[in-house]
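Here's the structure, in structure tokens; my notes come after.
In this note's numbering, the protein residues as written are -2 to 315.
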């Protein structure tokens, strides 16, 4: 029998966190964060990390488990998430994966096998030397020319993953993104419901702008300055997260605070658009437009519970 799994995702600022906590309380669940920044310590305001006072007693996994200079990628997430899920299942609870990083969710949902050939990787040294001579962006542009999908999913400062994707192409003649897409065609090992929360674009963009304004009021500048003062480089992959890369530029005197705020809002809106493009192409998703429920969280929650009952993820008495 397949184990049960609930996913709550959607674009940034749509209200995933609050709904997922309410849902977890109703279904005896625990939350696994599928967020590439919330996993890091010190990165709280810019990642909209849930506060301990907001969790309503629901256990959250994969939050504050790494330092900003530690590597975290889709493969790492998959391994860590599956360990959390095993623990949750052993305690008779339902894991709820919550976050906006679609590839992370996909990696667990379809148990994607990330190819490792086990060779000595004859191309690796060549790519590493090229990066040292011409820079990470040059290597990333090479990847974009042969595998634009992978290039979109891998930041140019994540040199290890960029080189791995290039290696895979030169070793196999196939794009890494094609390999991952083939894995996506596999049947999921879970009995799942994949909720995608959505809203009208104008309303979503309004909330995004408000969220950024609140982050500034809560002290995003000081948070980023504090991280840099601890000795962490602005070139780290973790520091490429929206809100951190722009504010680091401000802290270092390269742009004004006004410009940083403008760029954070713009980049967040663009990110939300890319997220929706990803989720719309996913199969077996349940779209929930929160505006159709007059933004009443209880009504949205009731709809989600009804769907979970119909799909036999939970029993009515749960």
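Even for Gly, the Cβ is constructed at its ideal location relative to N, Cα and C.
Original post:
Taking all protein chains shown into account, do 16 or more other C-beta atoms lie within 10 angstroms of the C-beta of residue 203, making it buried, or fewer, making it exposed?
Top reply: Exposed is the call here.
**OP:** Going by CA-CA distance only, name the one from 96, 2, 313 that's closest to residue 36.
**Re:** The shortest CA-to-CA distance from residue 36 to any of 96, 2, 313 is the one to 96.
Original post:
Going along the chain, which unbroken runs of the beta strand (DSSP E) with 3 or more residues stay wholly within the region 48 to 111?
Top reply: Taking only runs of at least 3 residues, the beta strand (DSSP E) segments lying wholly in the region 48 to 111 are 91 to 95.
Subject >> Cβ pair residue 201, residue 287 closer than 7 Å >> reply: 7 Å or more divides the Cβ of residue 201 from the Cβ of residue 287.
Original post:
In whole angstroms, what is the alpha-carbon distance linking residue 210 and residue 266?
Top reply: Whole-angstrom Cα-Cα distance: 14 Å.
Original post:
DSSP three-state call for residue 16: helix, strand or coil?
Top reply: Reduced to three states, the DSSP call for residue 16 is helix.
Subject >> Backbone secondary structure at residue 240 - three-state DSSP >> reply: DSSP places residue 240 outside both helix and strand once states are collapsed to three, so it counts as coil.
Subject >> Best match in 12, 281, 160 for proximity to residue 139 [C-alpha to C-alpha] >> reply: Out of 12, 281, 160, the CA that lies nearest to the CA of residue 139 is found in 160.
Original post:
Can you tell me where the beta strand (DSSP E) with residue 284 in it begins and where it stops?
Top reply: Its beta strand (DSSP E) spans residues 282 to 286.
**OP:** Would you kindly report the start and end of the unbroken beta strand (DSSP E) that includes residue 190?
**Re:** Per DSSP, residue 190 belongs to the beta strand (DSSP E) from 187 to 195.
Subject >> Distance, residue 182 Cα to residue 89 Cα >> reply: Annotation: residue 89 to residue 182 spans about 29 Å, alpha carbon to alpha carbon.
Original post:
By a C-beta neighbour count over all protein chains shown, 10 Å radius and 16 as the cutoff for buried, is residue 228 buried or exposed?
Top reply: Its Cβ having fewer than 16 others within 10 Å, residue 228 is exposed.
Original post:
Is there a Cβ from chain B that is less than 7 Å from the Cβ of residue 93?
Top reply: In the structure shown, chain B does not exist; there is a single protein chain.
Original post:
Can you check whether the CB of residue 92 is closer than 7 Å to the CB of residue 2?
Top reply: It is a contact, given that the beta carbons lie within the stated cut-off.
**OP:** Give me the Cα-Cα distance between residue 190 and residue 271, rounded to the nearest whole angstrom.
**Re:** Rounded to whole angstroms, the gap between the alpha carbons of residue 190 and residue 271 is 22 Å.
Subject >> Same chain, Cβ closer than 8 Å to residue 86, five either side skipped, listed in chain order >> reply: 0, 92.
**OP:** Using three-state DSSP, classify residue 253 as helix, strand or coil.
**Re:** In this structure, residue 253 counts as coil in the three-state DSSP scheme.
**OP:** Kindly list the residues whose CB is nearer than 8 Å to the CB of residue 312, restricted to its own chain and excluding five residues on each side of it in sequence; keep chain order.
**Re:** Excluding residues within five positions, the ones whose Cβ falls inside 8 Å are 306.
**OP:** May I have the straight-line CA-CA distance separating residue 328 from residue 255, to the nearest angstrom?
**Re:** The chain is shown from -2 up to 315; residue 328 falls before or after that span and cannot be answered.
Subject >> Selected residue, minimal CA-CA separation from residue 212, among 144, 27, 261, 126 >> reply: Cα-wise, what sits closest to residue 212 is 261.
**OP:** Please state if the CB of residue 222 and the CB of residue 248 are separated by a distance shorter than 7 Å.
**Re:** For residue 248 and residue 222, yes; Cβs fall inside 7 Å.
**OP:** Alpha carbon to alpha carbon, how far is residue 175 from residue 157? Give it in angstroms, no decimals.
**Re:** Here the alpha carbon of residue 157 sits roughly 19 Å from the alpha carbon of residue 175.
**OP:** Starting from the C-beta of residue 116, find all residues in its chain whose C-beta is less than 8 Å away, skip the five residues before and the five after it, and write them out in chain order.
**Re:** Only weak support exists for where residue 116 lies, its pLDDT of 49 falling under 50; the value from the coordinates is given anyway. Answer for residue 116: 168, listed in chain order.
**OP:** Counting only the same chain and skipping the five closest in sequence on each side, list residues whose C-beta sits under 7 Å from that of residue 245.
**Re:** A distance below 7 Å between beta-carbons, with the five flanking residues on each side excluded, links residue 245 to the following residues of its chain, in chain order: 221, 225, 231, 236.
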